[in-house]
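In this note's numbering, the protein residues as written are 6 to 395.
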Ligand SMILES: Nc1ncnc2c1ncn2[C@@H]1O[C@H](COP(=O)(O)OP(=O)(O)OP(=O)(O)O)[C@@H](O)[C@H]1O
Ligand SMILES: [Mg+2]
C-alpha cells in the first residue's frame with residue numbers, strides 16, 4: 006500500500022507552480038507505521054494558503070486508503086524566514102523584559118457557555134467568507150489600518166488555524182508574544198494595530214490534523230486571555246467556511262456584527278450566501294457584504310474590467326436582505342504590500358487610488374453602522390481626504 010500512497014502523493018500538485026510534488030522532488034519522507042502515515046514535504050516557496058490546498062488534496066487523494074486521523078502531513082523548510090516558530094520551542098529569549106514571560110496556549114476543546122463580553126473592548130466584528138482565498142485577511146488588515154488612522158484603537162484576532170497570514174501581512178513573522186505579570190498575553194503591535202495570531206503559536210511542522218482540537222480553547226484564550234484593554238474595534242479573521250469551527254468561535258463571546266467577504270464568481274457567492282445564513286442562525290447581526298476583486302482598473306487606460314463578472318454580489322445581497330458595504334477592486338499593490346509586510350493602507354503614496362478610496366468608504370460604513378462616539382483622525386493622514394483640519 007505504501008507504494009500506492011507514494012504514487013498518489015507524487016501526483017498532488019503544487020498550486021504555486023502547477024507542477025506535481027513528485028516531479029519537484031518535494032517529498033522528504035513517507036512512512037507507514039501501524040496503519041499511520043507520516044509524510045513530510047519541503048514547503049519552500051509555498052504560501053500558507055497554498056499549503057492548505059495541498060493538505061486538502063492529500064486528504065482527498067488518500068481518502069479511500071486511509072482515514073483522515075491516520076494521516077500526518079509535515080513540512081520542512083530551508084527558508085528559515087518562512088517558518089512560523091512555535092513559541093514554546095526554546096529559541097533565543099527576547100531582550101530582558103522582567104515583568105513578562107513567553108506566552109503559552111493550552112490545547113483543549115473549550116466550552117461553549119454563555120456569551121461573555123470581552124473586557125475593555127468596544128465592538129467585536131467577525132469577518133468571514135464561505136470560500137477561502139477571497140481576500141478576507143487582506144481586507145481585515147487594511148480595514149483595521151483605515152479604522153486606526155481614523156482615530157480608533159484597533160485589534161485583530163487571526164483565527165485562521167489553517168493558513169494564518171496576519172504575521173506575514175504585518176511583517177511580524179518572527180514575533181513571539183509574551184504574557185504580562187497578570188498572565189495576560191500581550192498582543193503584537195504593528196502599524197498601530199494590536200494583533201494575535203495562531204501563526205505565532207503553531208509550529209510549521211505541526212500536522213494540520215493536530216490543530217483541530219486546539220481550536221475552541223485557543224480562540225477563547227485569544228478573546229479572554231489577551232490584553233485587549235482599550236480597543237475600540239476588535240476584528241476577528243475567521244477561517245474560511247461555514248462549519249462548526251466557525252460557529253463555535255463566535256458563540257463564546259458577545260460578537261457585535263459580521264462582515265462577509267466574497268468575490269463575484271458564482272461559486273464564491275453561493276458560499277457567501279451560506280455564510281450569511283450561518284451568521285443569521287446564531288443571531289449575529291450582519292454589518293454587510295464586501296465584494297472583493299470586484300473589478301480590475303487598467304493602469305494604462307483607466308478602464309474598468311469586470312474579470313469575475315458583474316452585478317452578482319449586488320443581486321445576492323438583495324436576495325439575502327443584507328447591505329453591500331464595499332467593493333474593492335483588484336490591484337497588484339494590495340497583494341505585494343501584504344506579501345512584503347507593508348499593508349497597502351499604510352502607504353500614503355496610494356492615496357486617491359480606487360482601492361484606497363474603497364477602504365475609506367468601507368471603514369466609514371462600518372463606523373456608521375456602529376455609530377460610535379466621534380473619533381479624532383490622526384493629523385496629516387486622512388485629514389485631507391476627509392476635509393478635516395490638520
Ligand atoms: N483586491 C485585491 N487585489 C489584488 N490581490 C488581492 C486582492 N484581495 C486579495 N488579494 C490577494 O489574494 C490572495 C488571497 O487573499 P487573502 O489571503 O486575503 O484571502 P483569504 O480569504 O484571507 O484567504 P484564506 O482563505 O487563505 O485565509 C492574497 O495573495 C492577497 O494578497
Ligand atoms: Mg486568510
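For each residue, glycine too, the CB sits at the ideal point set by N, CA and C.
CB-CB under 7 Å to residue 13, same chain, minus the five flanking residues each way: which ones, in chain order? The beta carbon of residue 13 is closer than 7 Å to those of 66 and 67 in its chain, skipping five residues each way along the sequence.
DSSP three-state assignment for residue 203, whether helix, strand or coil: Helix at residue 203.
Residue 346 versus residue 238 - alpha carbon distance: Near 22 Å, if we compare the C-alpha coordinates of residue 238 and residue 346.
Between residue 176 and residue 195, which are expected to be in contact by the criterion C-beta below 8 Å, what is the C-beta distance as a whole number of angstroms? A Cβ-Cβ separation of about 6 Å places residue 176 in contact with residue 195 under the 8 Å criterion.
Any heavy atom of ligand 2 closer than 7 Å to the Cβ of residue 170? The answer is yes for residue 170.
Tell me whether residue 334 sits in a helix, a strand or coil according to DSSP, three-state version. Three-state DSSP puts residue 334 in a strand.
Per-residue burial, residue 115 [other beta carbons within 10 Å of its own, 16 or more giving buried]: Here residue 115 scores only 40 on pLDDT, less than 50, and its place in the model is too uncertain to base an answer on.
Quick check on residue 118: buried or exposed, where buried means 16 or more other Cβ atoms within 10 Å of its Cβ? At residue 118 the pLDDT is 44, less than 50, meaning the model places this residue with poor confidence and gives no usable figure here.
Going along the chain, which residues of its own chain have a beta-carbon closer than 6 Å to the beta-carbon of residue 43, five neighbours each way excluded? If we look at residue 43 and ignore the five residues flanking it on each side, its Cβ neighbours are 36 and 77.
Does the Cβ of residue 143 lie closer than 7 Å to at least one heavy atom of ligand 1? Flag set: Cβ of residue 143 near ligand 1.
Complete runs of the beta strand (DSSP E) confined to the region 240 to 327 [at least 3 residues]: Counting whole runs of 3 or more residues, the region 240 to 327 contains the beta strand (DSSP E) stretches 262 to 267 and 291 to 302.
Residue span of the alpha helix (DSSP H) that contains residue 8, given as start and end: Where residue 8 is concerned, the enclosing alpha helix (DSSP H) stretches over 7 to 16.
Using the three-state DSSP reduction, which class does residue 33 fall into: helix, strand or coil? Three-state DSSP puts residue 33 in a strand.
Just to confirm before moving on: does the CB-CB distance between residue 245 and residue 141 stay below 8 Å? Yes, they are a contact pair.
Please report the distance separating the alpha-carbon of residue 186 from that of residue 121. Here the alpha carbons of residue 121 and residue 186 stand approximately 23 Å from one another.
Beta-carbon spacing of residue 368, residue 333 below 8 Å: No, the Cβ-Cβ distance between residue 368 and residue 333 is not below 8 Å.
What are the boundary residues of the alpha helix (DSSP H) that residue 143 is part of? Residues 141 to 154.
Check whether the Cβ of residue 165 sits closer than 7 Å to any heavy atom of ligand 2, and report yes or no. Result yes, Cβ under 7 Å from ligand 2.
Residue 130 lies in the beta strand (DSSP E); which residues open and close that run? For residue 130, the enclosing beta strand (DSSP E) has its first and last residue at 126 to 133.
Once you ignore the five residues that flank residue 366 on each side, which residues in its own chain have a CB closer than 8 Å to its CB? Excluding sequence neighbours, residue 366 sits near 331.
Just to confirm before moving on: does the CB-CB distance between residue 236 and residue 131 stay below 8 Å? Not in contact: residue 236 and residue 131 (Cβ atoms no closer than 8 Å).
Whole-number beta carbon distance between residue 15 and residue 7, since they are thought to touch under 8 Å: With a Cβ gap of about 12 Å, residue 7 and residue 15 do not count as contacting.
If you follow the alpha helix (DSSP H) that residue 123 is in, where does it begin and where does it stop? That residue, residue 123, is in no alpha helix (DSSP H); it is neither H nor E in DSSP.
Can you name the start and end residues of the alpha helix (DSSP H) that residue 373 belongs to? First-last of the alpha helix (DSSP H) with residue 373: 359 to 375.
Under 8 Å between C-beta atoms of residue 319 and residue 277: For residue 319 and residue 277, no; Cβs fall outside 8 Å.
Would you be able to state if there are at least three C-beta pairs under 8 Å between the region 144 to 154 and the region 247 to 256? The region 247 to 256 vs the region 144 to 154: no contact.
Using the rule of at least 16 other Cβ atoms within 10 Å of the residue's Cβ for burial, across every protein chain shown, is residue 376 buried or exposed? Around the beta carbon of residue 376, fewer than 16 other beta carbons lie within 10 angstroms, which makes this residue exposed.
So, is residue 164 buried or exposed, given that buried needs 16 or more other C-beta atoms within 10 angstroms? Buried, because 16 or more other Cβ atoms sit within 10 Å of the Cβ of residue 164.
Kindly list the residues whose CB is nearer than 7 Å to the CB of residue 342, restricted to its own chain and excluding five residues on each side of it in sequence; keep chain order. Sequence-distant Cβ neighbours of residue 342 in its own chain, meaning closer than 7 Å and more than five residues away, are 348, 349 and 352.
Please state if the CB of residue 327 and the CB of residue 289 are separated by a distance shorter than 8 Å. The Cβ atoms of residue 289 and residue 327 do not sit closer than 8 Å to each other.
So what's residue 167 in DSSP terms, helix, strand or just coil? Residue 167 falls in the coil class under three-state DSSP.
Member of 336, 357, 174 and 28 whose CA lies at the smallest distance from the CA of residue 52: The residue with the shortest Cα to Cα distance from residue 52 is 174.
Along the chain, where does the beta strand (DSSP E) that runs through residue 44 open and close? Its beta strand (DSSP E) spans residues 41 to 47.
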